[in-house]
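In case it helps, the numbering used here puts the sequence shown at residues 31 to 227.
By construction, the Cβ of each residue, glycine as well, lies at the ideal position given by its N, Cα and C atoms.
Data first, discussion second: the structure below is written as structure tokens.
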Amino acid sequence: MKKTALLAAAFLTVAATFTACSSNEGNNQNAATPANDAVEGVTNIRWYDLDSVSANYKLVELLNSEAEATMTSYQSFARQESSKVAAAQKKIEDKVKNNGYLTEESYNNDMREYQALATKAQNAIAQREQQIAEQAAFQQQQLQDSLTNFLNDYAKTKGFDVIIVKTPGTYLNPSLEITADVIEGLNARYQAPAEAK
31 MKKTALLAAA FLTVAATFTA CSSNEGNNQN AATPANDAVE GVTNIRWYDL DSVSANYKLV
91 ELLNSEAEAT MTSYQSFARQ ESSKVAAAQK KIEDKVKNNG YLTEESYNND MREYQALATK
151 AQNAIAQREQ QIAEQAAFQQ QQLQDSLTNF LNDYAKTKGF DVIIVKTPGT YLNPSLEITA
211 DVIEGLNARY QAPAEAK
């Protein structure tokens with residue numbers, strides 16, 4: 031799992047809310063203007079690099095670590111459940127091979143138990159997958175809220191009209207980049223969870 035893959039969609043969704051069409055006035059921005067200064071009388075646009083923010087924001091690091099731990103736990107759980115089902119199936123197959131069933135009723139009882147076990151395992155795995163999906167949705171919302179709140183406050187403080195995310199293949203004036211400020215600001219607001227004692 032790439033570090034940014036899990037949460038990049040959340041950042042892109044939020045970034046889209048800050049994208050707006052600028053008038054021709056915005057073209058005056060091509061003059062080398064320091065990124066931290068808004069210019070009166072023009073649409074003040076700034077941009078940031080999503081990959082850099084994702085790679086350097088402490089909350090993303092924490093959420094990715096949690097997601098990796100969750101996936102490792104899920105994979106172990108799914109293997110255990112599948113192993114139980116496979117063991118029950120092998121037991122029945124071995125019994126059939128060795129003429130261990132004296133009656134059809136005995137065989138049918140074992141098959142019912144096997145099918146109940148398989149259904150239980152399938153349901154348990156599906157429930158765990160649902161929990162993972164809910165956790166991922168919660169994490170995305172957490173990131174969206176964090177980024178939205180920061181960018182709204184940052185734009186108001188600096189007097190910017192629009193903040194956009196740089197997409198591949200797009201040229202944006204390097205003097206309008208605020209990536210470092212976004213990373214610094216997000217990390218300054220970030221409060222690590224208290225360690226369990």
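Check, Outcome
"Residue from R76, I155, G71 whose Cα sits closest to the Cα of V192", "R76"
"Reference A210, options L80, A151, E70, A68, closest by Cα", "L80"
"Residue(s) in a DSSP beta bridge with I193", "R76"
"Contact test: Q161 Cβ vs the ligand GTP heavy atom, cutoff 8 Å", "The ligand GTP is absent from the structure shown, which contains no ligand whatsoever."
"Y104 and I194 closer than 9 Å at C-beta", "no"
"Among A85, N139, D175, nearest to N125 - alpha-carbon criterion", "In the sequence as displayed, the identity of residue 125 is Lys instead of Asn. If we check each option's Cα against that of K125, N139 comes out closest."
"Which listed residue (D67, L147, T102) has its alpha carbon closest to that of E159", "T102"
"Pair within 9 Å by beta-carbon distance, A148 and A118", "yes"
"Sheet register partners of E207 (DSSP bridge)", "W77"
"Burial state of S95 (16 or more Cβ within 10 Å)", "exposed"
"Where N128 falls, given that 16 or more other Cβ within 10 Å makes a residue buried", "exposed"
"Where the alpha helix (DSSP H) through L202 begins and ends", "Where L202 is concerned, there is no enclosing alpha helix (DSSP H), given that its DSSP letter is neither H nor E."
"Close-in-space but distant-in-sequence residues of the same chain around N217 (CB under 7 Å, 5 per side omitted)", "Y87, K88"
"Length of the line joining the Cα atoms of E91 and A85", "8 Å"
"Between the CA atoms of T178 and A167 - distance to the nearest angstrom", "16 Å"
"Helix, strand or coil at Y104 according to DSSP, with G and I counted as helix", "helix"
"Coil, strand or helix - R219 by DSSP", "helix"
"Selected residue, minimal CA-CA separation from E207, among E70, N153, A108, S82", "S82"
"Residue nearest to A156 in terms of C-alpha spacing, selected from E111, D183, E214", "E111"
"Rounded straight-line distance, which links the Cα of T100 to that of L173", "18 Å"
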